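Under this note's numbering, the first residue of the sequence shown carries the number 2, and numbering increases by one thereafter.
Cβ coordinates follow ideal geometry from the N, Cα and C atoms, glycine included.
Quick caveat, the model's predicted, so the values are computed rather than measured.
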Amino acid sequence: MKIKNFLTVAGVMAALVSCGTSNKATSVYKLGGEWSIVKVNGEEIKAADVENEPFIGFNIAESRVYGSTSCNRLTGGLEADAKTGKINFGHMGSTRMMCAKMDVEQKVLDALNSVDKFKFTGNGTLELSDKTGKKVMELKKK
Numbered sequence: 002m003k004i005k006n007f008l009t010v011a012g013v014m015a016a017l018v019s020c021g022t023s024n025k026a027t028s029v030y031k032l033g034g035e036w037s038i039v040k041v042n043g044e045e046i047k048a049a050d051v052e053n054e055p056f057i058g059f060n061i062a063e064s065r066v067y068g069s070t071s072c073n074r075l076t077g078g079l080e081a082d083a084k085t086g087k088i089n090f091g092h093m094g095s096t097r098m099m100c101a102k103m104d105v106e107q108k109v110l111d112a113l114n115s116v117d118k119f120k121f122t123g124n125g126t127l128e129l130s131d132k133t134g135k136k137v138m139e140l141k142k143k
């Protein structure tokens with residue numbers, strides 16, 4: 002009987018450990034997909050201020066980020082750690098078109114260059130912040 006009890010307890014413990022591990026991994030996968038950029042440095046992005054909707058897409062499986070700054074397309078590498086909340090966009094590149102409305106584009110690019118951390122909020126948004134913890138971007142899932 003003691004061996005049976007031991008095996009039952011060991012099985013439950015293994016299940017709990019594996020659940021804890023998968024929850025941490027799942028939170029990185031929550032980044033996956035496309036997110037509309039709704040605020041940059043506290044300023045709301047308005048439809049009248051952009052050529053196209055600015056967004057960021059996260060391809061977790063391929064460690065890639067892509068999107069639109071409202072005028073130009075961008076792409077780059079992605080490293081994210083759910084445990085620490087750290088995020089890094091590596092080797093970013095973008096198209097170089099000229100648009101009538103470039104203000105939002107520059108704000109988006111500047112904010113992306115300062116991003117250091119990510120966190121999901123209770124209201125379904127994703128916040129990106131700089132090294133000091135200042136929120137530089139707010140995104141909503143498309």
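Next on the checklist: So, with DSSP's three-state summary, where would you put Ala48?
Outcome noted: It is helical.
Next on the checklist: Quick check on the burial criterion: 16 or more other C-beta atoms within 10 angstroms. Buried or exposed for Gly34?
Outcome noted: Exposed.
Item to check | Val66 versus Ser28, Ala81 and Gly134, residue with shortest Cα-Cα distance | outcome: Among Ser28, Ala81 and Gly134, the Cα nearest to that of Val66 is on Ala81.
Item to check | Met138, buried or exposed, once every other Cβ within 10 Å from all chains shown has been counted against 16 | outcome: Buried.
Next on the checklist: Does Ala16 come out as helix, strand or coil in the three-state DSSP assignment?
Outcome noted: Note that Ala16 scores a pLDDT of 36, beneath 50, so its modelled location is shaky and nothing firm can be said.
Next on the checklist: Suppose contacts are defined by Cβ-Cβ distances below 7 angstroms. Is Glu1 in contact with Ser71 by that definition?
Outcome noted: Because the chain in this structure spans residues 2 to 143, residue 1 falls outside the shown range and cannot be described.
Item to check | Classification of Lys143 by the beta-carbon crowding that lies within 10 angstroms, buried from 16 upward | outcome: By the 10 Å Cβ count, Lys143 comes out exposed.
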